[in-house]
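Asks:
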Amino acid sequence: MNWWPRHAETAVAPSLLSADFAQLQLEIEGMSEAGADLFHLDVMDGHFVPNVTFGPFIVSAIRRCTDLLLDTHLMMTHPDRYVKAFAEAGADALTIHIEADCDVGATLAAIGDLGIRRGLSLNPDTDVADLQPYLSNLDLVLVMSVQPGFGGQSFQTGALDKVRRLVDWRGEQALSYAISMDGGVNNETAPACREAGADILVSGSHLFGAPDRGEAMARLRGTA
Ligand code: DX5
Ligand code: ZN
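Count along the sequence shown starting at 1, add 65, and that's the number in the working numbering.
1) Flag VAL267 as yes when its Cβ comes closer than 7 Å to any non-hydrogen atom of the ligand ZN, and as no otherwise.
2) Just to confirm, is the Cβ distance from VAL114 to THR137 under 8 Å?
3) Is it the case that the Cβ atoms of LEU106 and LEU81 are separated by a distance below 8 Å?
4) Relative to the C-alpha of GLY269, which residue among ASP166, ALA283, GLY248, ILE244 is closest?
5) Pull up the distance between the alpha-carbon of GLY223 and that of MET140, whole angstroms please.
6) Straight-line CA distance for PHE215 to HIS112?
7) Hey, how far is the Cα of PHE273 from the Cα of PHE86?
8) Rounding to the nearest angstrom, what Cα-Cα distance links ALA78 and ASP192 in this structure?
9) Closest by CA to ARG286, which one among PRO276, PRO121, GLN238, ASP264?
10) Here's the rule I'm using: 16 or more other beta-carbon atoms within 10 Å means buried, otherwise exposed. How should PHE122 be labelled?
11) Say the cut is 7 Å; is the CB of HIS105 nearer than that to a heavy atom of the ligand ZN?
12) According to DSSP, simplified to helix, strand and coil, what is SER95?
13) At the level of alpha carbons, what is the spacing between GLY279 and ALA289?
14) If we ignore side chains and look at the alpha-carbon of each, how far apart do VAL208 and VAL228 end up?
15) In the structure shown, what three-state DSSP assignment does ILE127 receive?
16) Comparing the CB of ALA86 with every heavy atom of the ligand DX5, is any distance shorter than 7 Å?
17) On the CB-based measure, 16 or more other CB atoms within 10 Å of its CB, does ASN252 come out buried or exposed?
18) From the DSSP output, in three-state form, read off THR160 for me.
19) Check the DSSP bridge columns for ILE244 and list the partner residues they point to.
20) Whose C-beta lies closer than 8 Å to the C-beta of ASP204 among residues of the same chain, with five residues either side of it excluded?
21) Is HIS143 helix, strand or coil when you go by DSSP?
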C-alpha cells in the first residue's frame, strides 16, 4: 500500500483531464505546490468509452513536467497493445479495465514485467467480486464512482460498498493493493470515501475548479 508517496492521510491524485492543456506545465506545477501526492492521467480510446483524450506522446510530455508518480488510467478496449508504449513514456502505474477486450491476467503480468505498478479498474455496473482472481497480483484497484468517459459527473454511492469489500479482502488475504476512487469526488463525497477506506482520491473538475487548490486538497484529505 505504500508505493506512492503517501501522507499520513488519504492521498489526493489530481486528474489532469480537467487541466488546461494549453498551460499544462503550469497546471502540474501548481498542483504539485498545492500538495498533490501523484497525478491521474485519463487515456480514452473512443471505443471503450465515447471520448478520446491522449496517448503515450502526451504522457511523455507530462513526465518531463513532474517527478510525482503518474497513475495512467487506460480506458481502452485493447490496453494490452499499448502497455509497453505507456511504460516507455514514463508511466509509473498502468491501470486497465476488467471489462477490456484482452487477457486481463496476462496484461497485468506484462505491466509488472515492465517494472511498473499494476492497476485494475471496474465500471459502476461491474461486480467487485469479479476482481477476486486478480487481487493478489495488483498494486492498485481503481473503483469507478462514475461511468468512465467524462469528468464532472455525479458520484455513484454504490462504489462505497465495493471499497469496503476490497478493504476486507485485503486484510483477510494479507494483500497490499492500494484502493483509489475515481469520479465525482468532492467535499460532499470525500468523507464517505475516506470512511469506506479509500487510500487515494482522484479528483478532476472539483480540484481544478477550486479557488484554492491547496485548501481543496486538505479538505479532500479531511485535514482542513
Ligand atoms: C472519468 C475519469 C476520471 C475523471 C474524474 O472517466 O476516469 O478520472 O477525470 O473527473 P471528476 O473528478 O470531474 O469526476
Ligand atoms: Zn480516471
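Built from N, CA and C at the ideal position, the CB exists for glycine as well.
Replies: Looking at the coordinates:
1) yes
2) It is not a contact, given that the beta carbons lie outside the stated cut-off.
3) yes
4) GLY248
5) 20 Å
6) 13 Å
7) Taking the straight line joining both Cα atoms gives about 12 Å.
8) 25 Å
9) ARG286 has its Cα closest to that of ASP264, out of PRO276, PRO121, GLN238, ASP264.
10) exposed
11) Yes, the ligand ZN has a heavy atom inside 7 Å of this Cβ.
12) The sequence as given places Gly at residue 95; Ser does not occur at that position. Reduced to three states, the DSSP call for GLY95 is helix.
13) 10 Å
14) Approximately 7 Å, taken between the alpha carbons.
15) helix
16) At residue 86 the sequence reads Phe, which differs from the Ala that was named. No.
17) exposed
18) THR160 carries a strand assignment under DSSP once its states are collapsed to helix, strand and coil.
19) VAL206
20) TRP68, ALA158, ARG182, ARG183, GLY184, SER241, TYR242, ALA243
21) coil
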